[in-house]
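K.L.:
Just passing along the structure, written as structure tokens.
Numbering (the UniProt record's numbering), first residue to last: 1 to 459.
Here's what the structure looks like:
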């Protein structure tokens, strides 16, 4: 397990981190009987290499976004370095190789292969990164196997009346904080689990298995079957969604099988439904694409509107991306250089749904924080639950409001996460459906276990 867990809003860099993590596991598996040095057992590659990759990715991300960065070290070969420096040289080579794959530069690839042959990097580097070329097509990220609304049809998934539903966002790291959150959720004895999206680093099939399905099965399903659903986040789509779309086919047996990246959970008593939207499909652009706004496909939006129109109960919306934020600008600046706190494309979709029937609440993730907002932009209850597992340093000041915006949502003070060990706490939410009432409880995990931060009821 790496010392820290850093993620970046960039498809190529996320795929790079995924590939380096796979290299680390392969090298460790090859050397399970590694010899002991005078200093004891050598540190595993799974502990060291992801940190090296994160530092390189951070440098590249800062270069792309105009942040401060340090230049890479001198171009030494692996043969000129001690063992401590070989990993960095191999990781730098791997990034150059992946970039050449992404742009389909055959000449550069051949040159890099020759460079690799002349060096002393483990063969796992080349074999793994060659395999990761499958995530690119014609110099672009592989096309996503998105399931259209016409294929899904009017399918809804029935959940029990008075169900208890656990919500967690940005949870798919496989790291200890994620496991701790899952253990707390297991103690809740929920009837349904919904993940609001993002399996890291880029949602590869291996990551979906190891960082998501394996812990779900080991912790939540060791005694009984439990329905689990997952939304599409941007990191899930960075490898083309191949891992995500395979995952949802095997998460639950029929009739609970998730039909697509969007779905409807409807209570047996017809009092409540949860509409999960796919906002990850159109957020495969890196953060450097100025003004890129994610949105919901038109036919999918019509599908959600149909589910609202045909239903006499109350509707709760779910998505990975936020409708608005008090802490992150959304979209491009206007002609006067002012930015917005609202995703205008998601707002338009929301207004179409609201024109049919009211929406009781909307839960999302994406930002790695817990944010419970006062009513804003026509939404009575906007709730960010992105604090599932990704560590966020106190240095980041996640609750520092944006300045210069014409209007921003107001945070309910009880939703500010506490900190421990220099990072903000993680957590989840629990919804309890009770006939015409929904009770929502918001938790953070601490050294002493789970802690209730805020609770509310709505109809």
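Using N, Cα and C, we set each Cβ at its ideal position, and we do this for glycine too. These numbers come from a predicted model, not from an experiment.
My output table needs one value for residue 419: the three-state DSSP class, helix, strand or coil.
P.N.:
Sequence index remark: in the chain shown, residue 419 carries index 419 (1-based). Strand.
K.L.:
In three-state terms, what does DSSP make of residue 121?
P.N.:
Counting from one through the chain shown, the residue named residue 121 turns up at place 121. The answer is coil: DSSP assigns residue 121 none of H, G, I, E or B.
K.L.:
Can you give the Cα-Cα distance for residue 121 and residue 129, rounded to whole angstroms?
P.N.:
As a working mapping, residue 121 is identified with position 121 in the chain shown. As a working mapping, residue 129 is identified with position 129 in the chain shown. Computed Cα separation, rounded: 13 Å.
K.L.:
Is it right to say residue 88 is buried, meaning 16 or more other beta carbons lie within 10 angstroms of its own, or is it exposed?
P.N.:
As a first step, residue 88 is located in the chain shown; it is residue number 88 there, counting from the start. Answer is buried; the Cβ neighbour count reaches 16.
K.L.:
From residue 363 to residue 27, what distance separates their C-alpha atoms?
P.N.:
Indexing the chain shown from 1 puts residue 363 at position 363. Indexing the chain shown from 1 puts residue 27 at position 27. For residue 363 and residue 27, the distance between alpha carbons rounds to 40 Å.
K.L.:
So, with DSSP's three-state summary, where would you put residue 441?
P.N.:
Counting from 1 along the chain shown, the entry for residue 441 is found at position 441. Three-state DSSP puts residue 441 in a strand.
K.L.:
Kindly indicate the opening and closing residues of the beta strand (DSSP E) around residue 182.
P.N.:
Along the chain shown, read from residue 1 onward, the residue named residue 182 stands at position 182. Counting along the chain, residue 182 falls outside any beta strand (DSSP E), though it belongs to the alpha helix (DSSP H) covering 176 to 188.
K.L.:
Taking residue 171 as the reference, which of 191, 146, 198 has the closest Cα?
P.N.:
To locate residue 171, count along the chain shown from 1; it is residue 171. It is 198.
K.L.:
Per the contact definition of three or more C-beta pairs closer than 8 Å, is the stretch 386 to 393 in contact with the stretch 172 to 184?
P.N.:
Short answer: they touch.
K.L.:
Would you check if there are 3 or more beta carbon pairs closer than 8 Å linking the stretch 225 to 236 to the stretch 272 to 280?
P.N.:
Contact between the stretch 225 to 236 and the stretch 272 to 280 is present, because at least three Cβ pairs lie under 8 Å.
K.L.:
Report buried or exposed for residue 244, applying the criterion of at least 16 other Cβ atoms within 10 angstroms of its Cβ.
P.N.:
The sequence position of residue 244 within the chain shown is 244, counting from 1. Buried, because 16 or more other Cβ atoms sit within 10 Å of the Cβ of residue 244.
K.L.:
Can you give me the start and stop residues for the alpha helix (DSSP H) that residue 242 sits inside?
P.N.:
Stepping through the chain shown from its first residue, residue 242 is reached at position 242. First-last of the alpha helix (DSSP H) with residue 242: 242 to 250.
K.L.:
Please report the Cβ distance between residue 299 and residue 150, rounded to the nearest whole angstrom; I am assuming they are in contact, meaning their Cβ atoms lie under 8 Å.
P.N.:
Translated into the one-based positions of the chain shown, residue 299 becomes position 299. Translated into the one-based positions of the chain shown, residue 150 becomes position 150. Yes, residue 299 and residue 150 are in contact; Cβ-Cβ is about 7 Å, under 8 Å.
K.L.:
Counting pairs of beta carbons, one from the stretch 392 to 409 and one from the stretch 439 to 449, are three or more of them closer than 8 Å?
P.N.:
In short, these stretches do not touch, since the Cβ pair count stays below three.
K.L.:
What residues in its chain sit with their C-beta under 8 Å from that of residue 312, if we drop five residues either side in the sequence?
P.N.:
The sequence position of residue 312 within the chain shown is 312, counting from 1. Here the set comprises 270.
K.L.:
Helix, strand or coil for residue 270, going by three-state DSSP, please let me know.
P.N.:
To locate residue 270, count along the chain shown from 1; it is residue 270. Note: residue 270 maps to coil in three-state DSSP.
K.L.:
So what does DSSP say about residue 167, is it helix, strand or coil?
P.N.:
Here the question's residue 167 lines up with position 167 in the chain shown. The answer is strand: DSSP assigns residue 167 an E or B state.
K.L.:
Grab the span of the alpha helix (DSSP H) containing residue 152 for me, first residue to last.
P.N.:
Here residue 152 corresponds to residue number 152 of the chain shown, with the count starting at 1. Start and end: 149 to 152.
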